[in-house]
Amino acid sequence: MYPYDPEHDAETPTSDDGSSPQISFPSPLAVFGNFYPHIYVNNNGFLSFDRPMSDFTPRAFPLQSGGPILAPFWADVDNEITGSIYYHQSTDPHLLERATFDVRSYFNYPRFTAQWAFVATWDNVTYYGAVSNEVGLIIHHIYIEAFTELDTDWCRLSLFQVVNTFQAVLITDWTFTFVLFNYENIQWTTDSASEGVDGLGGNHAQAGLNSGNSSFYSIPGSLSQEILHVSTTSNVYFSGRWAFKVDGYDPEFPDFPPTDGSLSCTQCVNTMGSSCTGSAVTCPSGSLCGSQYAEYTDNGVLYPMISRSCIEESRCNTSTSFSFAESKVEIASSCCDTDLCTPEIPELPSESSAPNGVTCPTCRSPGSVVCYSGDTIQCTGKETTCFLMNSQAPDTHQYLAIRGCAIPNVCDTDYQSLASHFGNINVNFFCAREGKKRCETFPMLCNQLKSALARKH
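Residue numbers for the sequence shown follow UniProt numbering, beginning at 1 and rising by one.
Right, here's the structure in full:
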């Protein structure tokens, strides 16, 4: 993903099927044989140039109306529920240096030098129909328990959002125009109004390019269940990235082998032993070959787990842990930086078992999005934050919700996918901000709860 900044980037309105205002360029941009002076960021996962578009049902390309469309993930996004859509124009030298490198790596334009970039990011967005304001019912994905004081810690709220994070990056030297689609996390493909269930099935998302003049390209898997796995696909050997040249009448595709120095690493999982072997995969740029070791202790029984995979460099040689109910999970990683290297299995750091003064709600609810027991846990060692974790296995739709104590880094972006290395599972961690009550941590959701309660009473 290219950098984006929720603190300073512009943001589209919080509105189902909404769009940004008209965004003017410093110079007209060449797109599919024409020059456009502005752009619109549409909440439903695509960019348009002729007009803002509220179309929420994805359709097969080519489309003859509406002008050019650049669609990283056209689906029915509802940012009134959760998530945000950010955008900014950039002439930052560091970002343009990266953009120049990427274009030269993927296309045979060795003299190309980026002069401007536009970054649009759909950050943790969910689909239309993902929540309801009914109180006291399990409505995908929020469970609201009976309570009277919304200002109490945690609000007795168990949260699970199936969310997608993806991005479109326009890059130009004011002659040639390129677009990158970056996919960080895709967990849903369909809204509830399009016959989807739990974000899957029904009328799936469309990803690709539509010129408006009959030329087009659809990323494989579009309008099918396979688009759920677009973050593992690529046309530039960089998992989760698709690149296109879009200034000409027809889209052009990468024709230069990538030169980003990506490593080949072993990928394997063994949830019952102390070693693993597997096949080779090509890692994204900025990743190293990593080994992860985890210990899951449940009611005194220890279960060791080993995985090898590509690991973000920032997560190398780090560790974390979290505790809940009568269980504890500890994870550590180690890395190496040559093709198909196998780093030593890391050792878990020694942690204090002394209470640290923090008390958190705790529960574990397999097969459910609901997690509230009324029990608490005394936190120990470096586990100084209260957390809530929800997971879903995409294949079986099996849910798990847990609460307890954690080392704060478990909620860092780099750790959000840690469990995916140990199996096919989507995971979200949420941590209480230090000194904040739960309603302050999730203000939008708590406002929804307050409104719902007001209507009920």
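For glycine and all other residues, C-beta sits at the position ideal for the given N, C-alpha and C.
- Query: Any chance the stretch 300-320 sits against the stretch 364-378, with 3 or more Cβ pairs inside 8 Å?
  - Reply: no
- Flag this pair as touching only if the stretch 88-105 and the stretch 221-234 have three or more C-beta atom pairs under 8 Å; answer yes or no. no
- Item | Segment contact flag, the stretch 109-117 with the stretch 73-87, C-beta cutoff 8 Å, min 3 pairs | no
- Could you tell me the boundaries of the alpha helix (DSSP H) in which Asp102 lies? As a first step, residue 102 is located in the sequence shown; it is residue number 102 there, counting from the start. Where Asp102 is concerned, the enclosing alpha helix (DSSP H) stretches over 93-106.
- Item | Cβ pair residue 460, Ile69 closer than 7 Å | Only positions 1 to 457 of the chain appear in the structure, and residue 460 is not among them; the question remains open.
- Who does Arg364 pair with in a DSSP beta bridge? Here residue 364 refers to the residue found at position 364 when the sequence shown is read from its first residue. Ile402, per the DSSP bridge assignment.
- Task: Check whether the Cβ atoms of Ala71 and Ala207 lie closer than 7 Å to each other.
- Result: By one-based count along the sequence shown, residue 71 stands at place 71. By one-based count along the sequence shown, residue 207 stands at place 207. For Ala71 and Ala207, yes; Cβs fall inside 7 Å.
- Looking at the structure shown, is Thr232 part of a helix, part of a strand, or coil, going by DSSP? On the sequence shown, position 232 is the one that residue 232 refers to. Thr232: helix per DSSP, three-state reduction.
- Query: Nearest CA to the CA of Tyr237: which residue from Cys283, Ser20, Asp17?
  - Reply: Reading the sequence shown from its first residue, position 237 is the one you call residue 237. When only C-alpha atoms are compared, the closest one is Cys283.
- Message: Quick check on this structure: which residue in Gly199, Ala193, Lys245 has the alpha carbon closest to the alpha carbon of Tyr217?
- Response: Reading the sequence shown from its first residue, position 217 is the one you call residue 217. With distances taken between Cα atoms, Tyr217 lies closest to Lys245.
- Query: Below 7 Å between beta carbons: does that hold for Asn79 and Asn43?
  - Reply: On the sequence shown, position 79 is the one that residue 79 refers to. On the sequence shown, position 43 is the one that residue 43 refers to. For Asn79 and Asn43, yes; Cβs fall inside 7 Å.
- Message: Using CA atoms only, rank isn't needed, just tell me which of Leu340, Gly300, Tyr303, Glu326 is closest to Ser291.
- Response: By 1-based counting over the sequence shown, the position of residue 291 is 291. Nearest of Leu340, Gly300, Tyr303, Glu326 to Ser291, Cα basis: Leu340.
- Query: In three-state DSSP terms, what is Gln187?
  - Reply: The residue you call residue 187 lines up with position 187 of the sequence shown. In this structure, Gln187 counts as coil in the three-state DSSP scheme.
- Query: Apart from the five residues just before and just after Ala280, which ones in its own chain have a Cβ nearer than 8 Å to its Cβ?
  - Reply: Numbered from 1 along the sequence shown, position 280 holds the residue referred to as residue 280. For Ala280, where only same-chain residues beyond five positions count, the Cβ hits under 8 Å are Ser264, Cys265, Thr266, Gln267, Leu340.
- Would you tell me roughly how many angstroms separate the C-alpha atoms of Glu7 and Met272, rounded to the nearest one? Locating residue 7 in the sequence shown gives position 7, counting from the first residue. Locating residue 272 in the sequence shown gives position 272, counting from the first residue. Glu7 and Met272: Cα-Cα distance of roughly 43 Å.
- What does a CB cutoff of less than 6 Å around Asp166 pick up in its chain, not counting 5 residues either side in sequence? Sequence index remark: in the sequence shown, residue 166 carries index 166 (1-based). It should be pointed out that residue 166 corresponds to Phe in this sequence rather than to Asp. Answer for Phe166: Pro72, Phe73, Trp122, Tyr183, listed in chain order.
- Message: I'd like the list of long-range same chain contacts for Leu63, defined as Cβ closer than 6 Å, with 5 residues on each side in sequence excluded.
- Response: Taking the sequence shown and counting its residues from 1, the one referred to as residue 63 is at position 63. Within the same chain, Leu63 has close Cβ partners Asn210.
- Message: Could you give the first and the last residue of the continuous beta strand (DSSP E) run that contains Ser84?
- Response: On the sequence shown, residue 84 is found 84 positions in, with the first residue counted as 1. Element bounds for Ser84: 84-90.
- Can you tell me whether Asn164 is buried or exposed, with buried defined as 16 or more other CB within 10 angstroms of its CB? As a working note, residue 164 is residue 164 in the sequence shown. Buried is the call here.
- In its own chain, which residues sit with a C-beta less than 6 Å from the C-beta of Glu440, not counting the 5 before and 5 after it? Position 440 of the sequence shown holds residue 440. Residue placement at Glu440 is flagged as unreliable, the pLDDT there being 40, under the threshold of 50; a coordinate-derived value is accordingly withheld.
- Please list, in chain order, all residues of the same chain as Ile407 whose beta carbon is under 6 Å from its beta carbon, the five residues on each side excluded. The residue labelled residue 407 in the question sits at position 407 within the sequence shown. Excluding residues within five positions, the ones whose Cβ falls inside 6 Å are Thr320, Ser321, Lys382, Glu383.
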